[in-house]
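Undergrad:
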Amino acid sequence: MDILLIKETGDVAFQNGAIPVTDEARQSVAQRLTILLSTFKAEWFIDQDYGIDYIGQVMGRKRSKSAIDTLFQSAILSEPLVKSIASFSSDIGSDRKYSVTFTAITDTGEITEPITINLGL
Numbered sequence: 543m544d545i546l547l548i549k550e551t552g553d554v555a556f557q558n559g560a561i562p563v564t565d566e567a568r569q570s571v572a573q574r575l576t577i578l579l580s581t582f583k584a585e586w587f588i589d590q591d592y593g594i595d596y597i598g599q600v601m602g603r604k605r606s607k608s609a610i611d612t613l614f615q616s617a618i619l620s621e622p623l624v625k626s627i628a629s630f631s632s633d634i635g636s637d638r639k640y641s642v643t644f645t646a647i648t649d650t651g652e653i654t655e656p657i658t659i660n661l662g663l
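Next comes the structure, spelled out in structure tokens:
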């Protein structure tokens with residue numbers, strides 16, 4: 543169980559003055575992966591290894607799409623509640639924007655809703 547976040551904004555959800563929690567493993571996993579893939583490595587002071595090394599391994603000089611895909615897939619599979627990746631598709635546009643959409647299978651066998659991450663390279 544995790545604190546429930548509003549999917550569109552990432553803000554904590556409040557209902558009648560209470561803070562609800564996630565009620566499904568797939569919901570928790572989707573939130574955790576969205577946070578992980580949206581965090582720059584060393585951004586969180588408590589765990590300097592948490593997040594993606596965007597500066598060192600993604601941005602800067604031209605990186606291949608397959609290298610970025612591998613980095614994201616490894617990060618997804620590093621989440622303890624993820625058993626495997628059910629679907630994965632990505633694209634780098636002519637404007638150097640990377641977009642990835644995927645679903646993951648949780649350790650309980652549930653499949654997450656599609657998760658999309660967009661970023662500029």
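Quick note on the numbering used here: the sequence shown kicks off at 543 and runs consecutively.
Just so you know, even glycine gets a beta-carbon here, dropped at the ideal spot from N, CA and C.
The model shown is predicted, which means the values in this text are computed figures rather than measured ones.
Measuring alpha carbon to alpha carbon, tell me which residue in T564, I548, Q573 is nearest T645.
TA: Here the question's residue 645 lines up with position 103 in the sequence shown. Of T564, I548, Q573, the residue nearest in Cα terms is Q573.
Undergrad: Return the Cβ separation of S632 and S641 in integer angstroms, given the expectation that the two are a contact with Cβ distance under 8 Å.
TA: The residue given as residue 632 occupies position 90 in the sequence shown. The residue given as residue 641 occupies position 99 in the sequence shown. That belief holds up - the Cβ atoms of S632 and S641 are roughly 6 Å apart, short of 8 Å.
Undergrad: In three-state terms, what does DSSP make of Y592?
TA: Counting from one through the sequence shown, the residue named residue 592 turns up at place 50. Reduced to three states, the DSSP call for Y592 is coil.
Undergrad: Taking the alpha-carbon positions, what's the V571 to R603 distance?
TA: For the purposes of this step, residue 571 is identified with residue 29 of the sequence shown, where counting begins at 1. For the purposes of this step, residue 603 is identified with residue 61 of the sequence shown, where counting begins at 1. Rounded to whole angstroms, V571 to R603 spans 31 Å at the Cα level.
Undergrad: Could you tell me how far apart the beta carbons of E652 and E566 are, in whole angstroms, since I believe they sit closer than 8 Å?
TA: The sequence position of residue 652 within the sequence shown is 110, counting from 1. The sequence position of residue 566 within the sequence shown is 24, counting from 1. Indeed they touch by this definition, with Cβ atoms about 7 Å apart.
Undergrad: Put K607 into one of helix, strand or coil per three-state DSSP.
TA: Here residue 607 refers to the residue found at position 65 when the sequence shown is read from its first residue. K607 falls in the helix class under three-state DSSP.
Undergrad: Assuming L546 and V563 are in contact, meaning their beta carbons sit under 8 Å apart, how far apart are those beta carbons, in whole angstroms?
TA: Walking along the sequence shown from the start, residue 546 turns up at place 4. Walking along the sequence shown from the start, residue 563 turns up at place 21. At roughly 6 Å, the Cβ-Cβ gap stays under 8 Å, so L546 and V563 are in contact.
Undergrad: With a CB to CB cut of under 6 Å and the five nearest residues on each side skipped, what residues in its chain are close to I548?
TA: Here residue 548 corresponds to residue number 6 of the sequence shown, with the count starting at 1. Here the set comprises A555.
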